[in-house]
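The next block holds one structure in the form of structure tokens; read it before the comments.
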Amino acid sequence: MRVVVLGAGYAGLTLARRLESKLPQTADLVVVDEADQHLVQHELHRVIRRPAVEGAITVPLRDALDRATIRTARVESVDRDARRVRLSDGTLEYDYAAVCLGAETAFYDLPGVDEHGLPLKRLEHAHRIRESFLDACEADGRAVVGGAGLSGVQVAGELAALAEERGADVDVTVLERLDSVAPAFPEAFQSAVHDALDAAGVTVRTNARVTGATADAVELDDRTVPYDAFVWTGGIRGPDALGSDRPVVRGDLRLDDHAFAVGDVARVVDADGEAVPASAAAAIREARTVATNLDRLVRWELDGDTDEFPPKLDPFRFDAPGWIASVGDDAVATVGPKVFTGAAARTMKATVGAGHLSSVGAISRAADLVREELG
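Now the structure itself:
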């Protein structure tokens, strides 16, 4: 019996660690990721301004996992009929699989945006954004961030703070095609985030639909916005291994009888019929549900009960605990209807990151991150 976890982001690592303690010892657990370390993605924007944060937000998989076999390879395709995964270094067959490959940046075939816009999904992206922005600082130039979801908001805040630290007169502009920043989140959160961006000196342009980009300007419906540094956080798509698709999964999170989709790789509709936002909080909670259900299915097969009805699986319901975004040295957080900013929100942001690191066994890195976040 082989269970494979494809991807070691929030969903994959949380799931794998739970399966290590749950699955019978006779079950083989394999974790596949193209990197040999886990990245705390929601802190990646910090690396743009503070490269030293990289050490606190990366965890070697060999340190986070005990029992699982770790295979460092790129997932190229998943043949669910044959229950076979094609990897960059061969193939891997499975009895059960959890696809936790996350999402990639969507460029929507906008002319020039893929070529000129810098995404933020990996450490090398953060380093490229930093280098490009430092050049803009030298020229007292202009930076444009396309997309004002949480990633775009946090990048814009870091860029504005970095310019201030450098004593550079750089105009940082964030563009959003909808009528508010953080458009997928509650109105009170949107308003507080907008205020924080204003206070940081970020120019916010909503109802600004990007139609393309050249080497020195972002094109909108009615005008162009020149730039010296251009970051694109305007949306997500599925991974190449799934043909860029993000399949819809319901409350059981199943792709089929032998595969689950967990985290940003899928568009999740929970057991109450509610669309689940692509977020670390959702991915971690989905992983906990899938760990329980995979364990039941594996034990059902190993016990030879397959002539009986399959076990009942737990449904996934997402109850958002709140939302947090940092904007430079400030932060905005919500807990229920209440909005926090300033020191309270910064503490919450540090606590969330440190809590996740602690949950994957990286206690010293959790302490390092708190020191970086709170000084």
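For what it's worth, numbering that gives the first Met the number 0 labels the leading residue of the sequence shown as 0, then goes sequentially.
Ideal Cβ positions, reconstructed from N, Cα and C, are used throughout, including at glycine.
Take D269, set aside five residues on each side of it, and the residues of its chain with a beta-carbon closer than 7 Å to its own are G250, V275, F315, R316 and F317, in chain order. By the Cβ rule, the segment 95-104 counts as touching the segment 251-264, because three or more pairs are nearer than 8 Å.
DSSP places P225 within a strand segment (E or B) once states are collapsed to three. Cβ contact annotation for P110 (same chain, cutoff 6 Å, sequence separation greater than five): G211, in chain order. About 6 Å separates the CB atoms of L22 and D294; that is less than 8 Å, so the two are in contact.
8 Å or more divides the Cβ of V144 from the Cβ of V52. Contact between V192 and A181 holds: their C-beta atoms lie close to 5 Å from each other, under 8 Å. The DSSP-derived three-state label of P276 is coil. In the DSSP annotation of this structure, the continuous segment of the alpha helix (DSSP H) that includes S363 starts and ends at I362 to L373.
In the structure shown, K21 adopts helical secondary structure according to DSSP, grouped into three states.
Between the alpha carbons of A353 and H41 lies a distance of about 12 Å. For T288, the three-state secondary structure derived from DSSP is helix. Unbroken beta strand (DSSP E) runs of no fewer than 3 residues, entirely contained in the segment 7-84, are found at 27-32, 36-38, 57-59, 68-71 and 74-78, following chain order. For F259, the enclosing beta strand (DSSP E) covers residues A258 to A260. Within the same chain, D134, A135, A138, G140, R141 and A142 come within 7 Å of D227 by CB-CB distance, once the 5 residues on both sides are set aside.
Around S363, the same chain offers no residue with a beta carbon nearer than 8 Å, after the five sequence neighbours per side are excluded. About 7 Å separates the CB atoms of R45 and E157; that is less than 8 Å, so the two are in contact. Around the beta carbon of K348, 16 or more other beta carbons lie within 10 angstroms, which makes this residue buried.
L356 and A125 have their C-alpha atoms roughly 20 Å apart.
For the pair of segments examined, the segment 7-26 was found to touch the segment 60-72: the number of CB pairs separated by less than 8 Å reaches three. The C-beta distance from L252 to E285 rounds to 6 Å, short enough to fall under 8 Å. Burial state of A343 is exposed, judged by a 10 Å Cβ sphere holding fewer than 16 other Cβ atoms. In the displayed model, A102 falls within coil according to three-state DSSP, outside both helix and strand. With respect to the 8 Å criterion, C99 and G262 are classified as neighbours on the basis of their beta carbons. Beta-bridge partners of R1 (DSSP): D27. Among the bridge pairs identified by DSSP, S325 is matched with A330. Only residues of its own chain outside the window of five on either side were considered, and among them A332 have a CB closer than 6 Å to the CB of F339, listed in chain order. Per DSSP, the beta-bridge partners of Y95 are V2. For G156, the enclosing alpha helix (DSSP H) covers residues L149 to R165.
Per the C-alpha coordinates, the member of E372, V39, W322 and A55 positioned closest to G148 is W322. Around the C-beta of R370, fewer than 16 other C-beta atoms lie within 10 Å, and the residue is accordingly described as exposed. Using a Cβ distance threshold of 8 Å, A81 and E19 do not count as a contacting pair. By the neighbour-count criterion, in which a residue is buried when 16 or more other Cβ atoms sit within 10 angstroms of its Cβ, Q24 is exposed. D170 carries a strand assignment under DSSP once its states are collapsed to helix, strand and coil. Taking a contact as a CB-CB distance under 8 Å, the pair A207 and E175 counts as one, their CB atoms being some 6 Å apart.
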